[in-house]
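Before any comments, here is the structure.
In the working numbering, the protein residues as written are -16 to 678.
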């Protein structure tokens, strides 16, 4: 039910506006002559009856029913030719009609417990003075005669909207994206990408339409922004969007438990998940008889397609609720589902399910779920000679692997940044692309061992077993592909900075192997999955793995062409480089008081520091993604190190977050606490003030 309104090309050809501005498709409003042309009174009444039935059935099953009204644009402007033009409404009556229609809807369907609104410009309301429209809508909710939850998408929410929603009978909530529109690791990114911290300017930008979201509040797009103040009056809940993985089976208990622990960051209410197959058939791409992604008859599930993902649902449901749930809970399910192959399947799924979330964190080529789909990757070239148009709006120059920022640029290196520091001999404590590749390869080794253990014990005639093994094989090849791309991209970046032909030769070899891994996927899925798997209209929302291979061949061709034309560098130009592809664990830990006092210094101690540590830096900031990290050199103290966050910095309503970067004689810097081997912990510390009234 949503087209984006007003800002970009995506709305200019919008035509199927059925239920986008929902009220005229659901009810008649006394005092207004608003209707959707082409929709009869009978059809309109049936729509309302259907919505009421859904609400009642939801309640009957013991759940609350929240209605999403994502779009309040009655006219998409530009050259849009609506199939169902909205008649009898104007700018002067828009807000009054919307408020009256919503009041009537809440009266007719008392089972509606809450409402979700997309309040930024893509929801149809210009951002200049947007609080004037929303104040009337929120007032209608407030007067509904019962307590209601109002959930506003975080993007573009400002003080004016938070004031407007502060009304009796409304429990206001801001729904923030966890890792942009994707699934990353369980912790929240230590910082957002640099481009999210800067105002977005583009030709034809109309500040009256997009001035808040693209201007001073741009940092609200893809995270918790500045909404986690301890003194806030509005709840925060996180939402995991379906960019990373839409189709393949997922199941890692340690990661699910990690999300259960960290989705309550700063007192947040938890996490909502866009379930598997979310957006399947989006924007009119669904065709009768093609919803089932399988074409192999024995694997088809029809309207029971959710049954493939029962293990995924089990892990999320139990571990989001209780991260310390006993493994017996899911192992009992696996035993019933896979019999003697259960242990191998558990290992394989847990290991290979880490691959794509890790890739997403380290390779943040686009925050948009409809432009970046690692599961069926639209290739971004490594060669500088082929820069991307597809990812151009969301990846800085050069628009190749070298230019991509991680979604967490504080804890992870991008390829280009790593190569710069490597050549300069100044590698920081950040995780390098080569370490990411090593993690992927470790997950691959464990996952393929699980597959080899499970395969001889499987029931070959069981459809769910076959679905699972097929998806695991795809994930394994994707892991090989991305590990090779990370390694090849680093070698190419070194070549670009040194003219070292041997680095380019290594890059070509690594990319060749990576592309070969990806090219094996079509042979796994041919005759299994459909040749077009549409989750939307764009090239990163539909298609097939085989569609992506030609672009990879072009990239490899250009790399080889560069090698043919490469000149030998001047003697002595090539510096000696020592790559960092692994790191040892450190026993060092951070000690501190459980709470801090506002406007008082807060001491942080580095303890259990092993011999050879030559220094440490404390990096800290407020739990506010619009702020940058501050740094303090830690001083030696009783066999360890100490630094105090200044009183003027703790004089804030925000919690503190911090980590240490430790230097040593043996290798490069280490981050404390850093990521654990299962990649499912929080690699920094969060501390609340004594004024915080939650445990």
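Every residue gets a Cβ at the ideal spot worked out from N, C-alpha and C, and that includes glycine.
* Looking at residue 282 and residue 503, is the spacing between their C-beta atoms short of 8 Å? -> no
* Between 44, 220, 276 and 574, which lies nearest to residue 136 when the distance is taken from Cα to Cα? -> Nearest C-alpha to residue 136: 220.
* residue 92 versus residue 117: straight-line alpha-carbon distance, rounded -> Going from the Cα of residue 92 to the Cα of residue 117 covers about 21 Å.
* Report yes if the C-beta distance between residue 608 and residue 183 is below 8 Å; otherwise report no. => no
* What are the start and end residues of the beta strand (DSSP E) that includes residue 647? -> 639 to 647
* Asked: DSSP puts residue 670 in a beta bridge; with which residues?
  -> 639
* Asked: Taking C-alpha atoms, which residue in 128, 164, 96 and 98 lies nearest to residue 138?
  -> 164
* Asked: CB-CB under 8 Å to residue 388, same chain, minus the five flanking residues each way: which ones, in chain order?
  -> 176, 177, 178, 347, 378, 379 and 397
* **Endpoints, the beta strand (DSSP E) within which residue 49 is located** => 48 to 52
* **Member of 329, 289, 68 and 591 whose CA lies at the smallest distance from the CA of residue 431** => 329
* For the segment 587 to 598 and the segment 611 to 631, state whether three or more C-beta atom pairs, one from each stretch, are separated by less than 8 Å. => yes
* Asked: Mapping DSSP to helix, strand and coil, what is residue 262?
  -> DSSP places residue 262 in the coil class of the three-state scheme, outside both helix and strand.
* Asked: Does the beta-carbon distance from residue 470 to residue 493 come in below 8 Å?
  -> yes
* Asked: In the DSSP assignment, what residue or residues form a beta bridge with residue 579?
  -> 672
* Below 8 Å between beta carbons: does that hold for residue 308 and residue 217? -> no
* To do: Measure the CB-CB distance between residue 334 and residue 433 and report whether it falls below 8 Å.
  => For residue 334 and residue 433, yes; Cβs fall inside 8 Å.
* To do: Using 10 angstroms around the beta-carbon of residue 540, count the other beta-carbons present and answer buried if the total reaches 16, otherwise exposed.
  => exposed
* To do: Could you check which residue in 200, 420 and 641 has the C-alpha nearest to that of residue 603?
  => 641
* For residue 193, is the classification buried or exposed, using 16 other Cβ atoms within 10 angstroms of its Cβ as the cut-off for buried? -> Residue 193 comes out buried.
* residue 108, DSSP secondary structure in three states -> Secondary structure at residue 108: coil, using DSSP grouped into helix, strand and coil.
* To do: Put residue 396 into one of helix, strand or coil per three-state DSSP.
  => coil
* To do: Pull up the distance between the alpha-carbon of residue 444 and that of residue 258, whole angstroms please.
  => 27 Å
* To do: Taking only the alpha-carbon atoms, compute the straight-line gap between residue 341 and residue 533 and give it to the nearest angstrom.
  => Rounded to the nearest angstrom, the two C-alpha atoms are 25 Å apart.
* To do: Answer yes or no: do residue 390 and residue 162 have a C-beta to C-beta separation smaller than 8 Å?
  => yes
* To do: Would you kindly work out how many angstroms separate the C-alpha atoms of residue 418 and residue 569, rounded to a whole number?
  => 16 Å
* Asked: Can the beta-carbon of residue 167 be found closer than 8 Å to that of residue 344?
  -> yes
* Asked: Contact between the segment 283 to 293 and the segment 665 to 677: three or more CB pairs below 8 Å?
  -> no
* **Residue environment, residue 705, which counts as buried when at least 16 other CB atoms sit within 10 Å** => In this structure the chain extends from -16 to 678, so residue 705 is not present and cannot be described.
* Do you know how far the Cα of residue 204 is from the Cα of residue 3? -> 22 Å
* Asked: To the nearest angstrom, how far is it from the Cα of residue 560 to the Cα of residue 649?
  -> Looking at the backbone, the Cα of residue 560 and that of residue 649 are separated by about 16 Å.
* Take every Cβ of the segment 518 to 528, pair it with every Cβ of the segment 581 to 589, and state whether three or more of those distances are shorter than 8 Å. => Flag = no, the segment 518 to 528 and the segment 581 to 589 do not touch.
* CA-CA distance, residue 413 and residue 549? -> 32 Å
* Is there contact between the segment 475 to 482 and the segment 453 to 464, where contact requires at least three CB pairs shorter than 8 Å? -> They do not touch, by the three-pair rule.
* Report the rounded CA-to-CA distance for residue 304 versus residue 672, giving the unit in angstroms. => 26 Å
* Taking residue 679 as part of the beta strand (DSSP E), name the residues at either end of that continuous run. => No answer is possible for residue 679: the residues shown for the chain start at -16 and end at 678.
* To do: Return the first residue and the last residue of the beta strand (DSSP E) that residue 653 is part of.
  => 653 to 655
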